[in-house]
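J.:
2 protein chains.
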Amino acid sequence: MNITEYIRQWADRIEATMAKLLPGEDVEPPVIHRAMRYSSLGGGKRLRGILAVSACRAAGGREETALPLAAALEMIHAYSLVHDDLPCMDDDDMRRGKPANHKVFGEAMAVLAGDALLTRGFWVLGRLPELTGVAGETALAILREVSEAAGTSGLIGGQVLDVEAEGRAAILAVEHLEGIHRRKTGALFRASVLSGALLGGAPAEKLQPFAAYAEALGLLFQIVDDILDVVGDARAMGKGVGRDRRRDKATYPALLGLDGAQEMARREAERALEAARELGAQGDVLGALVEYVHRRDR
Amino acid sequence: MNITEYIRQWADRIEATMAKLLPGEDVEPPVIHRAMRYSSLGGGKRLRGILAVSACRAAGGREETALPLAAALEMIHAYSLVHDDLPCMDDDDMRRGKPANHKVFGEAMAVLAGDALLTRGFWVLGRLPELTGVAGETALAILREVSEAAGTSGLIGGQVLDVEAEGRAAILAVEHLEGIHRRKTGALFRASVLSGALLGGAPAEKLQPFAAYAEALGLLFQIVDDILDVVGDARAMGKGVGRDRRRDKATYPALLGLDGAQEMARREAERALEAARELGAQGDVLGALVEYVHRRDR
Numbered sequence: 001m002n003i004t005e006y007i008r009q010w011a012d013r014i015e016a017t018m019a020k021l022l023p024g025e026d027v028e029p030p031v032i033h034r035a036m037r038y039s040s041l042g043g044g045k046r047l048r049g050i051l052a053v054s055a056c057r058a059a060g061g062r063e064e065t066a067l068p069l070a071a072a073l074e075m076i077h078a079y080s081l082v083h084d085d086l087p088c089m090d091d092d093d094m095r096r097g098k099p100a101n102h103k104v105f106g107e108a109m110a111v112l113a114g115d116a117l118l119t120r121g122f123w124v125l126g127r128l129p130e131l132t133g134v135a136g137e138t139a140l141a142i143l144r145e146v147s148e149a150a151g152t153s154g155l156i157g158g159q160v161l162d163v164e165a166e167g168r169a170a171i172l173a174v175e176h177l178e179g180i181h182r183r184k185t186g187a188l189f190r191a192s193v194l195s196g197a198l199l200g201g202a203p204a205e206k207l208q209p210f211a212a213y214a215e216a217l218g219l220l221f222q223i224v225d226d227i228l229d230v231v232g233d234a235r236a237m238g239k240g241v242g243r244d245r246r247r248d249k250a251t252y253p254a255l256l257g258l259d260g261a262q263e264m265a266r267r268e269a270e271r272a273l274e275a276a277r278e279l280g281a282q283g284d285v286l287g288a289l290v291e292y293v294h295r296r297d298r
Numbered sequence: 299m300n301i302t303e304y305i306r307q308w309a310d311r312i313e314a315t316m317a318k319l320l321p322g323e324d325v326e327p328p329v330i331h332r333a334m335r336y337s338s339l340g341g342g343k344r345l346r347g348i349l350a351v352s353a354c355r356a357a358g359g360r361e362e363t364a365l366p367l368a369a370a371l372e373m374i375h376a377y378s379l380v381h382d383d384l385p386c387m388d389d390d391d392m393r394r395g396k397p398a399n400h401k402v403f404g405e406a407m408a409v410l411a412g413d414a415l416l417t418r419g420f421w422v423l424g425r426l427p428e429l430t431g432v433a434g435e436t437a438l439a440i441l442r443e444v445s446e447a448a449g450t451s452g453l454i455g456g457q458v459l460d461v462e463a464e465g466r467a468a469i470l471a472v473e474h475l476e477g478i479h480r481r482k483t484g485a486l487f488r489a490s491v492l493s494g495a496l497l498g499g500a501p502a503e504k505l506q507p508f509a510a511y512a513e514a515l516g517l518l519f520q521i522v523d524d525i526l527d528v529v530g531d532a533r534a535m536g537k538g539v540g541r542d543r544r545r546d547k548a549t550y551p552a553l554l555g556l557d558g559a560q561e562m563a564r565r566e567a568e569r570a571l572e573a574a575r576e577l578g579a580q581g582d583v584l585g586a587l588v589e590y591v592h593r594r595d596r
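First to last, the sequence lines map onto chains A and B.
Counting with the numbering used here, you get residues 1 to 298 for the letters of the first sequence.
Counting with the numbering used here, you get residues 299 to 596 for the letters of the second sequence.
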């Protein structure tokens, strides 16, 4: 198992599936489709999509089956980045190493492109039976997971808390920071893993190790992200290093020190690995992804 | 059939269903739920919801069954209004007779509240079987209708064309204006009617009169809206009269003259009535709604 090679291959297939499931740039009105494709294709680690694909595998399904689901998850992730970058939000000019959507297409089109990526994600979920042969009941269960994760108890709620917390780092406790990240990163990680497992045929009563895995991995991902922001190199991250600190945003290194944050990362990695081991041989990729997320370089 | 009374009663029930299906203002993080409820409850004609309810009736179903669907459609409609009003979009300060969402909660929260209303709409659609007892296949067919209507071939595409057309009224033809409105108003009208009919048990091959009805009614609604903007009274509309003309937005009266626009409205009303008659006795409310939309005062 060469995890880097695995990720590269499946990220390519997820990208190809997204390219097919998004409206083409020649479809009326072209500008919105250009804006949607600009911010969702040609970049990104595709981690949420990879999680869906490898959770499908871990549940005993074929990885190919999860490609449309993975594409939908990545569209929803891309929407959240486009809106987070808006001037009224985090006001970021760069994303994934290129100018943010609103810098290229303007604010109005960036709002609409985000709306459209979110809507297209749900559009794809509604078509999972025809795209993958999965039962309607399974498609609906996936819709319920993803819509819960994308809502105010997940993705949107996390961004709300994040916007509210800005400039108040000093008064934030680690528990509060975890509350933000459980929503902002964790919820969609969890939905990616659980919906991949559902698509792979996991019955509801077998989802517990998948949920435990996703929770630990989401937290690990965020801690490593914070650490990289302190010690990382600007170019490889595709955005300004030290950005969070300059804004006085709460981060794990700021709250726990660099050593404390690294220790916490080790603990979450161990929890995620343990959950992956519970899934047996088919959980191999999920296990390897823990190391990848933990050790990913700057 | 007193249509005004019918609308009042069912609008109240749709509102109550929305209030129940939206997260409460005490749920964390409260501010986003306050913002969501501010812009979706306590106002609006609930026309899309009423269309779903009365199309369900016309298809032979019980109106009550369509209440959660109606609530989901009204959440999606409310999201589109919140985002349309943003400073980077139409920059409207007032909506439904009160300050626009971003004037009360700020731009960041308005973007997020719109995102959350859209997401919650899909969340409700994923729960239609448990909320209404409808079959999973029907819930998925409804999701496909609504997600298509909300996307770039519908709601979002219409707003894109609208933003692009602003200030270019003179070079717009009636066909182009229809293209905008077929997307911006028509698509969600159509999805409301068709998904209500599906929920009421209409088989796919019986949807044609519903589609013809929705198309004519959507166009009628928009023409009347444009006419009201020319001749209407500011207070009753809840927004500034003459707003479209001041911005040099394309409208039917601007393109066809007031008489021409009124003639076109009569033609579309006749087409909608004809389609409603095809549905027999159960299509009575849909028929009465045509008169209501045509004659609605300012």
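Each residue gets a CB set at the ideal place from its N, CA and C atoms; glycine is no exception.
The structure presented is a predicted model; accordingly, all values stated were derived computationally and were not measured.
Reducing DSSP to helix, strand and coil, say where residue 427 of chain B ends up.
T.: The answer is helix: DSSP assigns residue 427 of chain B an H, G or I state.
J.: So, with DSSP's three-state summary, where would you put residue 392 of chain B?
T.: DSSP places residue 392 of chain B in strand when its eight states are reduced to three.
J.: Could you have a look at residue 253 of chain A and say whether DSSP puts it in helix, strand or coil?
T.: Helix.
J.: Grab me the residues of residue 65 of chain A's own chain with a C-beta within less than 8 Å of its C-beta, minus the 5 sequence neighbours each way, in chain order.
T.: Only 56, 132, 133, 134, 199 and 200 meet the Cβ criterion.
J.: Nearest-angstrom Cα distance between residue 235 of chain A and residue 46 of chain A?
T.: Because the pLDDT of residue 235 of chain A is 47, which lies under 50, any placement of that residue in the model is unreliable, and the number read from its coordinates should be weighed accordingly. If you take the alpha carbons of residue 235 of chain A and residue 46 of chain A, they lie about 19 Å apart.
J.: Cα separation between residue 138 of chain A and residue 434 of chain B?
T.: Rounded to whole angstroms, residue 138 of chain A to residue 434 of chain B spans 9 Å at the Cα level.
J.: To the nearest angstrom, how far is the alpha carbon of residue 41 of chain A from that of residue 193 of chain A?
T.: Going from the Cα of residue 41 of chain A to the Cα of residue 193 of chain A covers about 22 Å.
J.: Can you pull the chain A residues whose beta carbon is under 7 Å from the beta carbon of residue 321 of chain B, in chain order?
T.: Those within 7 Å of residue 321 of chain B in chain A are 152.
J.: For residue 59 of chain A, which of A/286, A/84 and A/297 has the nearest alpha-carbon?
T.: Residue A/286 is the option with its Cα nearest to residue 59 of chain A.
J.: List, in order along the chain, the chain B residues whose C-beta lies closer than 9 Å to that of residue 222 of chain A?
T.: In chain order: nothing, as chain B lies at least about 18 Å away.
J.: With a cut-off of 8 Å, do at least 3 Cβ pairs link the region 402 to 411 of chain B to the region 379 to 390 of chain B?
T.: At 8 Å Cβ cutoff, the stretches touch.
J.: Out of curiosity, what's the CA-to-CA distance linking residue 146 of chain A and residue 67 of chain A?
T.: Their backbone Cα atoms lie some 15 Å apart in a straight line.
J.: Taking Cβ-Cβ distances below 8 Å as the criterion, which residues of the region 336 to 358 of chain B are in contact with chain A?
T.: So the list is empty, because no residue satisfies the distance condition.
J.: When the distance is taken between beta carbons, is residue 191 of chain A closer than 7 Å to residue 149 of chain A?
T.: Result yes, Cβ atoms of residue 149 of chain A and residue 191 of chain A sit closer than 7 Å.
J.: What is the rounded straight-line gap between the Cα of residue 427 of chain B and the Cα of residue 49 of chain A?
T.: So the alpha carbons of these two residues sit roughly 27 Å apart.
J.: Taking the alpha helix (DSSP H) that residue 299 of chain B falls in, what are its first and last residues?
T.: Note, residue 299 of chain B: premise wrong, no alpha helix (DSSP H); not H, not E.
J.: Between which two residues does the alpha helix (DSSP H) harbouring residue 29 of chain A extend?
T.: Where residue 29 of chain A is concerned, there is no enclosing alpha helix (DSSP H), given that its DSSP letter is neither H nor E.
J.: Taking only the alpha-carbon atoms, compute the straight-line gap between residue 3 of chain A and residue 14 of chain A and give it to the nearest angstrom.
T.: Rounded to whole angstroms, residue 3 of chain A to residue 14 of chain A spans 16 Å at the Cα level.
J.: Nearest-angstrom Cα distance between residue 119 of chain A and residue 458 of chain B?
T.: Near 15 Å, if we compare the C-alpha coordinates of residue 458 of chain B and residue 119 of chain A.
J.: Put residue 321 of chain B into one of helix, strand or coil per three-state DSSP.
T.: If DSSP states are grouped into helix, strand and coil, residue 321 of chain B belongs with coil.
J.: Are residue 352 of chain B and residue 376 of chain B touching if we call contact CB-CB under 7 Å?
T.: Cβ atoms of residue 352 of chain B and residue 376 of chain B: not closer than 7 Å.
J.: With DSSP as the reference, label residue 246 of chain A as helix, strand or coil.
T.: The predicted position of residue 246 of chain A is uncertain, since its pLDDT is 47 and thus under 50; a value taken from the coordinates is nonetheless stated next. The answer is helix: DSSP assigns residue 246 of chain A an H, G or I state.
J.: In angstroms, rounded to a whole number, what distance separates the CA positions of residue 117 of chain A and residue 554 of chain B?
T.: Straight-line Cα distance between these residues: approximately 36 Å.
J.: Grab the span of the alpha helix (DSSP H) containing residue 385 of chain B for me, first residue to last.
T.: No alpha helix (DSSP H) holds residue 385 of chain B; DSSP gives it neither H nor E.
J.: Hey, is residue 265 of chain A's beta-carbon within less than 7 Å of any beta-carbon in chain B?
T.: By this cut-off, residue 265 of chain A is not an interface position.
J.: What first and last residue would you give for the alpha helix (DSSP H) that runs through residue 190 of chain A?
T.: Start and end: 187 to 199.
J.: Helix, strand or coil for residue 68 of chain A, going by three-state DSSP, please let me know.
T.: DSSP places residue 68 of chain A in helix when its eight states are reduced to three.
J.: Do you know how far the Cα of residue 390 of chain B is from the Cα of residue 305 of chain B?
T.: C-alpha separation (whole angstroms): 27 Å.
J.: Helix, strand or coil: which one does DSSP assign to residue 203 of chain A?
T.: It is coil, neither helix nor strand.
J.: Spell out whether any CB of chain A is found under 7 Å from the CB atom of residue 533 of chain B.
T.: The predicted model places residue 533 of chain B with a pLDDT of 47, which falls under 50 and marks its position as unreliable; any figure quoted below should be read in that light. Closer than 7 Å: no.
J.: Taking Cβ positions only, does residue 308 of chain B come closer than 7 Å to chain C?
T.: In the structure shown, chain C cannot be found, because the protein chains are A and B.
J.: Can you pull the chain A residues whose beta carbon is under 9 Å from the beta carbon of residue 464 of chain B, in chain order?
T.: None at all; the shortest Cβ gap to chain A is about 10 Å.
J.: Does the beta carbon of residue 508 of chain B sit closer than 7 Å to a beta carbon anywhere in chain A?
T.: Residue 508 of chain B does not count as touching chain A.
J.: Taking 6 Å as the limit between beta carbons, can you name the residues of its chain near residue 543 of chain B, skipping five residues before and five after?
T.: Its pLDDT being 47, under 50, residue 543 of chain B is placed unreliably in this model, and the value from its coordinates should be taken loosely. Same-chain partners within the cutoff: there are none.
J.: Would you mind stating whether residue 89 of chain A and residue 509 of chain B have Cβ atoms separated by less than 7 Å?
T.: No, the pair does not count as a contact, with Cβ atoms beyond the cut-off.
J.: Please report how far the alpha carbon of residue 52 of chain A lies from the alpha carbon of residue 33 of chain A, in whole angstroms.
T.: So the alpha carbons of these two residues sit roughly 25 Å apart.
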